[in-house]
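*Asks:*
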Amino acid sequence: MISNAYCIIRETTEDRLDETESLEEAIRIARSLVREGQVGEPVSIEHRGKIIRQLVLMHDGMVEEEAII
1 MISNAYCIIR ETTEDRLDET ESLEEAIRIA RSLVREGQVG EPVSIEHRGK
51 IIRQLVLMHD GMVEEEAII
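Going by the numbering used here, the sequence shown opens with residue 1, and the numbers climb by one from there.
1. Under 8 Å by Cβ, that's how I've got isoleucine 8 and glutamate 19 pegged, so tell me the actual separation to the nearest angstrom.
2. So what's glutamate 36 in DSSP terms, helix, strand or just coil?
3. State yes or no: is the C-beta of methionine 58 nearer than 7 Å to some heavy atom of the ligand SAH?
4. Rounding to the nearest angstrom, what Cα-Cα distance links histidine 59 and valine 39 in this structure?
Structure, rendered in structure tokens:
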């Protein structure tokens, strides 16, 4: 595990899918994984133990960022 890494997590299974040192790269990887998944299945980016971004595939095929509550 990389110190200060951005971890990409599939929320439905809580699987850690990848990690990178760059937020931009983490967003690119997460978007790609969301497109491969099912509609409504969130993929999150975690940094230092906190979820900082969450992406989901919409019914129209668009990838949207969801609000983190």
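Cβ coordinates follow ideal geometry from the N, Cα and C atoms, glycine included. Note that this is a predicted model, so its numbers are computed, not measured.
*Replies:* This is what the structure gives:
1. Isoleucine 8 to glutamate 19, Cβ: 7 Å. Contact.
2. It is helical.
3. The ligand SAH is not part of the structure shown, which contains no ligands of any sort.
4. Rounded to the nearest angstrom, the two C-alpha atoms are 6 Å apart.
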